[in-house]
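Participant: For reference, the structure I am asking about is given below.
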Amino acid sequence: MHSKTLSLRTAAICLILCLYNLCSTYPVFAQQASRTVTGKVLDENKQPMPGVAILIVGTTSGGTTDFDGNFTLSVPAGNNELQFSFIGYETVKMPIPANNNIRLQMKPQTMTLDDVVVIGYGTSRKGDLTGAVANVSSKDFNEGMISSPEQLINGKIAGVQIMSNSGSPTAGSTIRIRGGASLNASNDPLIVLDGVPLEIGGISGNNSNFLSLINPNDIESMTVLKDASSTAIYGSRASNGVIIITTKKGADSKLKISFNTTNSLQVRTQTADMLSRGEFINIVNSNGSDAQKALLGTANTDWNDEIYNVAFGTDNNLSFSGKLKNIPYRVSLGYYNQDGILRTDNAERITGNISVSPGFFNNYLKFNVNIKGSLNKNRFANDGAIWAASTYNPTLPVHSGNDAFGGYTEAIDNTGTPVTRGVRNPLGLLRQYKSTSDIKRVIGNADVDYKLHFLPELKFHATVGYDYAEGKGKIYVPEEAAEYATTGGRDFTYGPQINTNRLLTTYLNYNKTFGEFTVDATAGYDYQAWKSSSEKYSELNVAGIEQKSIAASDQRHVLLSYYGRLNLTYDTRYMLTATIRRDGTSRFNKDNRWGTFPSLALAWRISEESFLENWETLSNLKLRGSYGVTGQQDGIGNYNYLPVYTGSQSGAEYQFGNAFYPTYRPEAYASDLKWETTTAWNAGIDFGFFNNRLSGSVDFYTRKTKDLLATVPSPAGTNFDKTILTNVGNVDSHGLEFGLNVTPIDTKNITWDMSFNATWQRMKIQNLSLVKGTAITNTSVGPTIDSYYFQVLSEGYEPYMFYLYHQLYDEKGKPIEGAYADLNDDGEINSDDLYRYKSPSPDWILGFSTSLRYKKWNLGMSFRANIGNYVYNGMAMNTGAWNTMSYNDYQLNNLSSSYLKTGFRERQFLSDYYVENASFLKMDNITLTYNFGKIWNCFNLNASAMVQNVFTVTNYSGVDPEVPNGMDSSFYPRPRIFSLGLGLDF
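Below is the structure:
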């Protein structure tokens, strides 16, 4: 920590001192008697401190220390006190001694306001930030088995919602900062890794979790930029916020070797609430036909026990860091292997990271070179087995006792063929399905910083980055498997898909203090180019017969950017940040290609005002306000503005005589596509009391997104498809964020820290019409069940509201089958009676963390809560009606326990009965750590025990109240994880 502080302090010293020597002058005193005062200023390690600002108290004059920490001042008669100040150190006022010579040792500030935070294209002191920025360092990361970087900060930051998409170790996460700003375009934040903006999306063999290719153990800190003032420096890519990931670098010290290992067992939690074996038999015997009763068996099979298991996982990391011939370096290796609780599910990752940071010419010239490599090997379980285990007949055995279908019990018709639309043996679906993938990724970047010798306050920075990823996979299903009996199995490979991302960033940064003013100006240029290509492949059965062909693909786009930022500070109290960025994208035609994205932010540190200087309990009080415009062009195709023709697939050729010829069909396009833009306002206050032992922030924001990139119905005859991606409509959102950090106890033996955050947010669609003055009432969106949509986009409402019938009930409160409210009073029930009911988005998102240290013990806990989110229980609807028990004459299917309450004969697809309040409180993890200290005078040892996904408190009756898109349909349950960890530092 000290070495990092020194390097940052040294950079600031050189800029300030050279700036002062070249450009700074002080007023000349009137002709009067004066005395010469000399001295030396040292830091906490008794090392000289250059660049310390010295003020003659009672005047506006002073000076700074030189490179050796020395100073000489001419002090007018009658002035007897000097003030010494430096960023990160306590300000000192002291009288001038009789001998006119001072030797001062300064003390570092303990306040977090001077922590350095990585922002876009540079760094800033936390106390100087004008925008809504949150930073989480490695010491505050979530612990345990962490498969992907975003999980490190889940629940830690107000306004940031992170949800794992399922319980599979291969699953990714949905990340939303302030709820997102778009509809059909991407709502994912921009991820910047060591200065390299990463492309949104996945790659063959790992589509859902591209971030998992980065080792979380290599990450030093994560910074989240939320408001437009903070994000506008990234312009067209920042509408949904920015997450800046900074990895660990070499240490300015002797060799340090670190090794840590975490080993875990994962167990299943909640599964779908279906009829027990006894309930199932009673229902069939009471209500079933003789033919249905004959399908009951004598076995007692818990199909969930068959498909789920206790899963082992291990995460091991070894790193070497230090300084070799004055060159700081860090080398790390990581190995992660995690089985899924669903049998045959597995994720394996091998990573390596090399970082070197040489400096030359007294660090006027500095380099930082990083190379990160990873190899992921996945095996994907057939998650259709989850549905099958819920619905398969519990009176049937796992194995049939014969060789048909690999020995698994299957429902067959009179010809011995697996029945159409039949549920397959759950264990057979897993054991007779093998889907594997290999993904390679290398991310490299080289940074250079050069402080001009003739003007050291001016710095030139350049970054060259390259991100290469390659993914391929294989799927095999044997011919005897019932799942693909009609196709003869599957045996084919796909890929390789190759994604490349090339980056060039160059900027100049000027930092100088003019008396009470500090100017920090940045101007730069970016070039970034992406390419994604894949070869044509065919899906074959085990006999080599083509079932389906996938065309080759070559997708490319380029982004050019010019940007500038000015940070202006006066007297440490008044701060201004102005940013402008101009982006050009190849995704729009030349007339709409360029967009301009400005921002402005102001901050006032009230706690520095003289009228509060005697309020000793106040550590910090700052008001912030910002305005900015950001853009959007992610999440859409690269060629949506061009006429594109797609070649026909196998079976869709045109016949001339006895020959068949491939054809080309036109795709829908909008030639006038342009930037989706979001205009945002933010007002915030930062506060701290009792030397920041009580600190926090409150922010209120509003956002207006116009020219939405949305897919909407196309007027008949105007294009080549019934829907089209175009610029249409507006969305407004606003929210309130609150964060609080408290240290109630801080003594030598006991420290207790707590942090709490809360977010309230609202979003409303203002317009979705292609034709001005007309309205589009509803656009169906979201997941479907048997072609039924359950959610809509509607003008004047929140996005993705459920669109359903209002269920009617009898006098006992039991839902009446097929009985819905006639909302428009026209005497009939039809689509005009559908209404918008509730939203999957929560009203409030809450997070709470606490850490209690007693001597060498540390106990940590973290909680999350959502209030006001709703979920459609699709599993209960889809399996909760009598007729779902039997789709054919050869098989019985289990029913949802909801059938006992409803007695429905047919599925009530669009009944609001199945929309449930899914508010929840989750204890995400609890960790107990013990620091053994030095062992055998050789190494430091830490041991920890952890539980993740400890419990969930909710009234929701389904598997999990936190599901993607608000639809619970055969959800892969998130496991409970028990882990033991060891950490050794040599």
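Every letter in the sequence shown is one number past the one before it in the numbering used here, and letter 419, counting from 1, is 447.
Don't be surprised by glycine CBs; every beta carbon is placed ideally from N, CA and C.
From this set, GLY456, ALA549, TYR538, which residue's C-alpha is nearest ALA509's C-alpha?
Facilitator: Measuring from the Cα of ALA509, the nearest candidate turns out to be GLY456.
Participant: DSSP on ALA971, reduced to helix/strand/coil?
Facilitator: Strand, per DSSP.
Participant: List the whole-angstrom C-beta distance separating THR251 from ILE228, where the pair is believed to meet the contact cut-off of C-beta under 8 Å.
Facilitator: Incorrect: roughly 19 Å between the Cβ atoms, too far for contact.
Participant: To the nearest angstrom, how far is it from the Cα of VAL220 to the Cα of TRP622?
Facilitator: C-alpha separation (whole angstroms): 22 Å.
Participant: Just mark TYR900 as buried or exposed, buried being the case when its beta carbon has 16 or more other beta carbons within 10 Å.
Facilitator: That one is buried.
Participant: Specify whether the segment 155-166 and the segment 644-655 touch according to this definition: at least 3 beta carbon pairs, one from each stretch, less than 8 Å apart.
Facilitator: Verdict: yes, contact present.
Participant: Using C-beta distances below 8 Å, list every residue in its chain close to LEU568, excluding the 5 sequence neighbours before and after it, in chain order.
Facilitator: The answer, listed in chain order, is ARG518, ASP519, PHE520, GLU574, GLN575.
Participant: If contacts are defined as beta-carbon pairs under 8 Å, then LEU587 and ASP611 qualify, I think. What distance do you get, rounded to the angstrom?
Facilitator: Confirmed, about 6 Å.
Participant: With DSSP as the reference, label LEU47 as helix, strand or coil.
Facilitator: In this prediction, LEU47 scores a pLDDT of 35, lower than 50, which makes its location untrustworthy; no coordinate-derived value is stated.
Participant: Could you confirm whether any beta carbon from chain D is found closer than 7 Å to the beta carbon of SER258?
Facilitator: This model lacks chain D altogether, as it is built from one protein chain only.
Participant: In chain order, what residues of the same chain have a beta carbon less than 6 Å from the beta carbon of LEU395, not counting five sequence neighbours either side?
Facilitator: As written in the sequence, residue 395 is Phe, which differs from the Leu given in the question. The answer, listed in chain order, is PRO386, VAL476.
Participant: Would you grab the beta carbon distance between GLY97 and VAL69 for me? Rounded to a whole angstrom, and I think it's under 8 Å.
Facilitator: Sure, about 5 Å apart at Cβ, within 8 Å.
Participant: Note the first and the last residue of the continuous alpha helix (DSSP H) segment covering TYR984.
Facilitator: Counting along the chain, TYR984 falls outside any alpha helix (DSSP H), and DSSP gives it neither H nor E.
Participant: Cβ atoms of MET829 and SER867: under 7 Å apart, would you say?
Facilitator: It is a contact, given that the beta carbons lie within the stated cut-off.
Participant: What did DSSP end up calling THR379 once you bin it into helix, strand or coil?
Facilitator: Note: THR379 maps to strand in three-state DSSP.
Participant: In this structure, does DSSP put THR140 in helix, strand or coil?
Facilitator: Residue confidence for THR140 is low, a pLDDT of 48 falling below 50, so the modelled location carries little weight and cannot support an answer.
Participant: SER249 and THR274 - do their beta-carbons sit closer together than 7 Å?
Facilitator: Yes; because the gap between Cβ atoms is below 7 Å, this pair is in contact.
Participant: Could you check what DSSP says for LEU1008 in three-state terms: helix, strand or coil?
Facilitator: Of the three classes helix, strand and coil, the one that applies to LEU1008 here is strand, per DSSP.
Participant: Does DSSP put SER925 in a helix, in a strand, or in coil?
Facilitator: The answer is coil: DSSP assigns SER925 none of H, G, I, E or B.
Participant: Looking only at its chain, what residues have a beta carbon closer than 6 Å to the beta carbon of GLY888, apart from the 5 residues adjacent to it on each side?
Facilitator: So the qualifying residues of the chain are SER879, THR955.
Participant: List the DSSP bridge partners of TRP632.
Facilitator: Paired residues: TYR602, LEU651.
Participant: Please check the pair GLY757 and SER797, which I expect to be a contact at CB under 8 Å, by giving their CB distance rounded to whole angstroms.
Facilitator: Their Cβ separation, rounded to whole angstroms, is 7 Å, which keeps GLY757 and SER797 in contact under 8 Å.
Participant: For the beta strand (DSSP E) that contains PHE715, what are its first and last residues?
Facilitator: From DSSP, the beta strand (DSSP E) with PHE715 extends over 704-717.
Participant: Would you give the residue range spanned by the alpha helix (DSSP H) that LYS74 belongs to?
Facilitator: Element bounds for LYS74: n/a, residue is neither H nor E.
Participant: DSSP has ALA687 in a bridge; who is on the other side?
Facilitator: Looking at the DSSP assignment, ALA687 forms a beta bridge with PHE684.
Participant: PRO446: buried (16+ other C-beta within 10 angstroms of its C-beta) or exposed?
Facilitator: PRO446 should be labelled buried.
Participant: Which word fits GLN60, buried or exposed, when buried means at least 16 other C-beta atoms lie within 10 angstroms of its C-beta?
Facilitator: Here GLN60 scores only 45 on pLDDT, less than 50, and its place in the model is too uncertain to base an answer on.
Participant: How far does the alpha helix (DSSP H) with LYS321 in it extend, from its first residue to its last?
Facilitator: Where LYS321 is concerned, the enclosing alpha helix (DSSP H) stretches over 318-322.
Participant: Just to check my reading of the structure: ASN922 and MET302 have Cβ atoms closer than 8 Å, yes? What is that Cβ distance to the nearest angstrom?
Facilitator: That belief holds up - the Cβ atoms of ASN922 and MET302 are roughly 5 Å apart, short of 8 Å.
Participant: When burial is assigned at 16 or more other CB atoms within 10 Å of the CB, is GLU644 buried or exposed?
Facilitator: Classification of GLU644: exposed, given that the 10 Å Cβ count is below 16.
Participant: Considering only the beta carbon of each residue, do ARG407 and PRO1001 sit closer than 7 Å?
Facilitator: Going by C-beta atoms, ARG407 is not nearer than 7 Å to PRO1001.
Participant: Where does ASP519 sit, in a helix, a strand or coil, going by DSSP?
Facilitator: The answer is strand: DSSP assigns ASP519 an E or B state.
Participant: Under the DSSP definition of a beta bridge, which residues are partnered with SER939?
Facilitator: Looking at the DSSP assignment, SER939 forms a beta bridge with TYR833.
Participant: Tell me which same chain residues have a C-beta within less than 6 Å of the C-beta of SER347, skipping the five on either side of it?
Facilitator: Once the five neighbours on either side are set aside, the close Cβ partners of SER347 are SER286, SER360.
Participant: When the distance is taken between beta carbons, is PHE99 closer than 7 Å to PRO78?
Facilitator: No; because the gap between Cβ atoms is not below 7 Å, this pair is not in contact.
Participant: State the Cα-Cα distance for the pair ILE414 and PRO197, rounded to the nearest angstrom.
Facilitator: Distance between the alpha carbons of ILE414 and PRO197 is about 15 Å.
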